[in-house]
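Numbering (my numbering), first residue to last: 6 to 1212. Glycine included, C-beta positions come from ideal geometry on N, C-alpha and C. Okay, structure first, notes after.
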């Protein structure tokens, strides 16, 4: 078959051969993808027409449904529990935590209050009597709250005494557990409250109590031998009155103080060297690292100076406080409950912190930092609160931007009201999405309340701008009743693709094993889904109503008033070529004609008329071709007027009104980026772009090596606050963490003693574990238990050797000797429980340092009942707890010889202190070492796991990077599949994924340069960046894929069509994020505002600069090809017969008309769509010069079905 001549050579009367039923406009193998996309677009077209036909009903039902879902916010729960937010459900740590709670209960044994004192002048020595005086003043002031400290403090190891008088005295005097450097001095007694009264002497307080002297005075009146032995074993001595006074000239300084007579101030550094002791030297030793920070030593290791002091007050738990005061006269009339006990503790802690911070004058040389567990809870609550002012401010700012950017001087083209309605609709969609999350039981957290409303607003408004731009740029000739369908047909694919990718991205981010961020990701995905439904279903109804407003010549925004400068849409039916048929294979025919616009002063209507004669204008000679200036541009304006006609000035628009982003993209940006006259000069700007982005990628790869793991609490707390000052001082000077090595049930403790000792030794050898002083035994229950048995064995041996204990009697022996006697005769046999022959044939501890298995659980019962101070110091927390057993040396019935055995242990723990943990790498090293020690013990049959805050909050970093890489790789693969499925072009999908991967790498590298550490929160943003980046790339890629011509021309066309909506979407996202910059929490600013802002800017650059260049070089071939090309020559053929459209220029023009040049596009038939009705070409009415534009109805030559008229 002969090839038809080029379009430029076609005479007006040319009649091509008859065309086949399906026009051959598809490029080879791309026929099926184009048909499938056309099928999907046909469905969108039908959806849009249906929405326009019932726009009022759709809008009402949509608002009703979204409003109903938004009511779910009433049942929203804000989670502030750190464990619930940060510990992965079902993980190893979660299972261990659940096991601990199952055995010990939900709450901790005590809560902590901390005071840190630092000098105002950096580096100043704080080891002076004056500095310790200020520390004492702050501690005394803070503890003088309405409830006395002595009533609510935690008291460890209170002994049970049979003597009633001593028991009451101990109850009133037993000291609180306070870890303070003041305990090295007599002044430490001033922090201990309580007093006791004895006839004939002043009130007994710790400031004047000498236990040794008191026992001597009471000895003649009561049998206190057991109590004396208890104090001796605890090494209480003279308690505080035997310690030096900071100020020996103090009138209350006791005579027993070492420096009372010399009147010399003590050497503070020497006294604090090695730490301090509570009232018990054996069980209450506070190591230096708990009390002093910033220490400096001489070459011999002697303490010289320090820069910080720390005191820690331990308080009861709410349950302990409730049990302690239940039935007490002080609480019987206030409805005392565990909840009220918790309220009392929280109020006390808040008041303690406030008073401590106000205790020193502002001009003091020292500064006090206070903190409590309630302070942390308050920070989390404040962090999770919704800032109504910022939310309202952010949405008002977005409303203003949407309204201003969519306003036009021409009222018929203005869409300010559409912008306002779109932002309000997105706001409602965000509220409905969050309400749906609340109804589904997904708990809210700080990320939800602080970030998601703004992020979702920015992402949702992007699609609003895209649809609004497309709606105003509908091709000429589109019937009014099909405008919404045509808009969804052109933009629905892009909106669907970006929304699906965003949802997939956030669902993939939910792979991060942190509950708070998993909830945030799921909520973001649901909100994006609600935004998608609102944009695709409800917003088209808003556009349809606005079209009705324009059709009725109403003002924008103020739609109740008529427009003074409005024009109805005048549709010009293009003329068919020749005899009503078209050339075979022509997909897109563009001709340039002369049109004239006349503004009538009477009606202020604009009338556009084609003259009887027209002329085919030659295309421009630029490299991009004249098609760059097609009617698809947003700057089409047929309204013009010659200068000098003053009476028509009301219809003349200002020059600035003609400039917008689409005009900038078409006339300046695209030519600069892509257009040139020679191949060499064309490659130069593209090469510059590729080099610059390659350099950015290289720098980002280097920056990625600088990213460190971690998220310190100081990053979360607002800077400049007292809480931040405390946390900074604590992190600098006292990086200590209390942890425990928990042993579970499932093995025999009695026969696994050697494995338990080995486990303790292996754990103690870890680099991060703070070793005990060389003079002190390991602080574990198994060591204390064994040492206690060895002590009573020694007492028994001594009593046996002296004859005070015999085979038949132990009443003349010591208390410890009698206890050993009772244990030695035990057999563990229920039939024959006692064997007195064992008194001389067995030992309570064998030569290998192990306890005989048959005595293990009976000895445990005796130790727990007889050594409360040792048990408390060991922090064993046995479960099940051993039974209570009271020793009575003078029992003559023999029943006291029967010792109940403790049940097999299911829970016990060894306490440790970790120190030197400054960086996340230090935590990871310590966690890996602890896990390795437990794994080694597991191979020996001991089931154990580490417990403590480092393992709760830092174990995530063991696999965080692997989880991040896995999530990003899976998401990129999913993005490729989604894009390839909806675009039906793997080539384009691969380029999109390449750009998205570059964006993720570059964002990660920039984080390294900015010092933003990698934690679960940046990981969520990095994973979500893939989905957010699709917003900036897929529109350009789809525009390129559906355009015709060379790669350069198609890239330019894609830029022209998408530059404005993509840029508006980026600006709207930035405006949504702008409110995050005003957050009080530096964490929100650094980890969300900064990172998301960088992501938005990267997306804008990659989508509008790099991707067009890549497409112009590596883009796929066009799906639609032109079989004919326009000629560059101007033709003046003879006029056709019969009054058809003549090619030529009218010799005369009416004086009242202005000449305007525009493009008219004749669209031919692509593959038919479902429900489409195609007019045969021969049945199209012919245009004649006598016909007016208004007399010609709209025609549909495109690939869409007809819509019934709106009723």
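Asked	Found
Tell me the rounded alpha-carbon separation between residue 1158 and residue 66.	Because the pLDDT of residue 1158 is 36, which lies under 50, any placement of that residue in the model is unreliable, and the question is left without a value.
Please classify residue 910 as buried or exposed, where buried requires at least 16 other C-beta atoms within 10 Å of its C-beta.	buried
Considering only residues of the stretch 733-792, which uninterrupted beta strand (DSSP E) runs meet the minimum length of 3 residues and lie entirely inside it, listed in chain order?	742-749
Nearest to residue 195 by CA position, among 223, 204, 138, 219, is which residue?	138
Excluding the 5 residues preceding and the 5 following residue 888 in the sequence, name in chain order all residues of the same chain whose CB lies nearer than 7 Å to its CB.	866, 905, 907
Determine, using beta-carbon pairs with one atom in the stretch 177-194 and one in the stretch 204-213, whether at least three such pairs fall under 8 Å.	yes
If I measure Cβ to Cβ from residue 161 and keep anything under 6 Å in the same chain, skipping five residues before and after, which residues do I get?	182, 877
Please report the distance separating the alpha-carbon of residue 982 from that of residue 955.	40 Å
Here's the rule I'm using: 16 or more other beta-carbon atoms within 10 Å means buried, otherwise exposed. How should residue 42 be labelled?	buried
Report the rounded CA-to-CA distance for residue 717 versus residue 735, giving the unit in angstroms.	12 Å
How far does the alpha helix (DSSP H) with residue 310 in it reach, from first residue to last?	Note, residue 310: premise wrong, no alpha helix (DSSP H); beta strand (DSSP E) at 308-310.
Rounded to whole angstroms, what's the CA-CA distance from residue 822 to residue 795? Just pull it up for me.	11 Å
From the DSSP output, read off the bridge partner residues of residue 372.	123
Taking 8 Å as the cut-off, does the stretch 527-539 touch the stretch 1057-1067 (at least 3 CB pairs, one atom from each stretch)?	no
Can you tell me whether residue 368 is buried or exposed? The criterion is at least 16 other CB atoms within 10 Å of its CB, across all chains shown.	exposed
Run through DSSP, which three-state label would residue 714 get?	strand
Which residue comes first and which comes last in the beta strand (DSSP E) that contains residue 284?	Looking at the DSSP string, residue 284 is not in any beta strand (DSSP E), and its letter there is neither H nor E.
Assuming residue 547 and residue 462 are in contact, meaning their beta carbons sit under 8 Å apart, how far apart are those beta carbons, in whole angstroms?	Actually they do not touch by this definition, with Cβ atoms about 17 Å apart.
In angstroms with no decimal places, state the Cα-to-Cα distance between residue 817 and residue 288.	29 Å
Which residue comes first and which comes last in the beta strand (DSSP E) that contains residue 949?	949-953
Given a cut-off of 8 Å on the beta-carbon distance, is the pair residue 255 and residue 268 in contact?	no
From what residue to what residue does the alpha helix (DSSP H) around residue 148 run?	134-148
Please state whether DSSP places residue 881 in a helix, a strand or coil.	coil
Taking the straight line between their C-alpha atoms, what separation do you get for residue 930 and residue 958?	14 Å
So, for residue 426: in the same chain, excluding its five sequence neighbours on each side, which residues have a beta-carbon less than 7 Å away from its beta-carbon?	547
Look at the alpha carbon of residue 971 and the alpha carbon of residue 997, and state the distance between them as a whole number of angstroms.	19 Å
Judging by CA-CA distance, which residue of 242, 273, 235 is the nearest neighbour of residue 252?	273
Does DSSP classify residue 814 as helix, strand or coil?	coil
Return the CA-CA distance between residue 284 and residue 1021, expressed in angstroms with no decimal places.	45 Å
Taking all protein chains shown into account, decide if residue 932 is buried (16 or more other Cβ within 10 angstroms of its Cβ) or exposed.	buried
Quick check: what's the CA-CA separation for residue 291 versus residue 121?	16 Å
Under three-state DSSP, which class holds residue 637?	Below a pLDDT of 50, predicted positions are generally treated as unreliable, and residue 637, at 35, falls in that range; the measurement from the model is reported next regardless. Coil, per DSSP.
Provide the residue span of the alpha helix (DSSP H) that contains residue 317, from first to last.	No alpha helix (DSSP H) holds residue 317; the beta strand (DSSP E) holding it covers 313-321.
Please say whether residue 440 and residue 76 have beta carbons closer to each other than 8 Å?	yes
Just to confirm, are residue 1019 and residue 720 a CB contact at a threshold of 8 Å?	no
Consult DSSP for residue 115 and reduce its assignment to one of helix, strand or coil.	strand
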